[in-house]
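**Student:** Residue numbers (our numbering): 9 to 117. Glycine included, C-beta positions come from ideal geometry on N, C-alpha and C.
1. Can residue 77 and residue 100 be called in contact, C-beta distance under 8 Å?
2. Could you check which residue in 91, 42, 110, 73 has the C-alpha nearest to that of residue 51?
3. At what residues does the alpha helix (DSSP H) containing residue 51 begin and finish?
4. What residue range does the alpha helix (DSSP H) around residue 20 cover?
5. So, at 8 Å on beta carbons, what are the nonlocal neighbours of residue 92 in its own chain, with the 5 sequence-adjacent residues on each side left out?
6. Closer than 8 Å by C-beta to residue 31: which residues in its own chain qualify, once you throw out the five before and the five after it? Chain order, please.
7. Please return the same chain residues whose Cβ sits closer than 8 Å to the Cβ of residue 90, not counting the five positions on each side in sequence.
8. Is the distance from the Cβ of residue 56 to the Cβ of residue 71 below 8 Å?
9. So, using beta-carbon positions, are residue 18 and residue 34 closer together than 8 Å?
10. Tell me which residues share the same chain as residue 63 and place their Cβ nearer than 6 Å to its Cβ, disregarding the 5 neighbours each side in the sequence.
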């Protein structure tokens, strides 16, 4: 098992190697979830606590994850950074663009 990944330091290499060997040393105390990093485990723990620390400044929306708040904010700003290569359509998210592309490829969701 080898790949072309090059690490800047030993810690980065050790973390990357977990993708090859499946190692997930951080265990949730509330369920069977295991994570490769402490930050991933902390993010997961919010599913148990109900904590939603990220708040929208324009409405009452709150999220457990900063990425979901960022996506939500685009509903207020009308930002659509993902462009279709086949037509003028623009999407708020990568998943939205993938869903749209099914119209061009004939795939069904």
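**Tutor:** So, to answer that:
1. Looking up residue 77 in the chain shown gives position 69. Looking up residue 100 in the chain shown gives position 92. Against a cut-off of 8 Å, the Cβ pair of residue 100 and residue 77 comes out as no contact.
2. As a working note, residue 51 is residue 43 in the chain shown. When each option's Cα is compared against that of residue 51, the closest is 73.
3. Looking up residue 51 in the chain shown gives position 43. Start and end: 46-57.
4. Within the chain shown, numbered from 1, the residue matching residue 20 stands at position 12. Element bounds for residue 20: 18-29.
5. Position 84 of the chain shown, counted from the first residue, corresponds to residue 92. Counting only Cβ-Cβ distances below 8 Å, and skipping sequence neighbours, we find 98, 99, 105, 108, 109, 112.
6. Along the chain shown, read from residue 1 onward, the residue named residue 31 stands at position 23. 25, 44.
7. Taking the first residue of the chain shown as position 1, residue 90 is located at position 82. Cβ within range, chain order: 98, 99, 100, 101, 102, 104, 105.
8. Indexing the chain shown from 1 puts residue 56 at position 48. Indexing the chain shown from 1 puts residue 71 at position 63. Their beta carbons are not under 8 Å apart, which means residue 56 does not touch residue 71 by this criterion.
9. Here residue 18 is taken as the residue at index 10 of the chain shown, counted from 1. Here residue 34 is taken as the residue at index 26 of the chain shown, counted from 1. For residue 18 and residue 34, no; Cβs fall outside 8 Å.
10. Here residue 63 is taken as the residue at index 55 of the chain shown, counted from 1. Once the five neighbours on either side are set aside, the close Cβ partners of residue 63 are 70.
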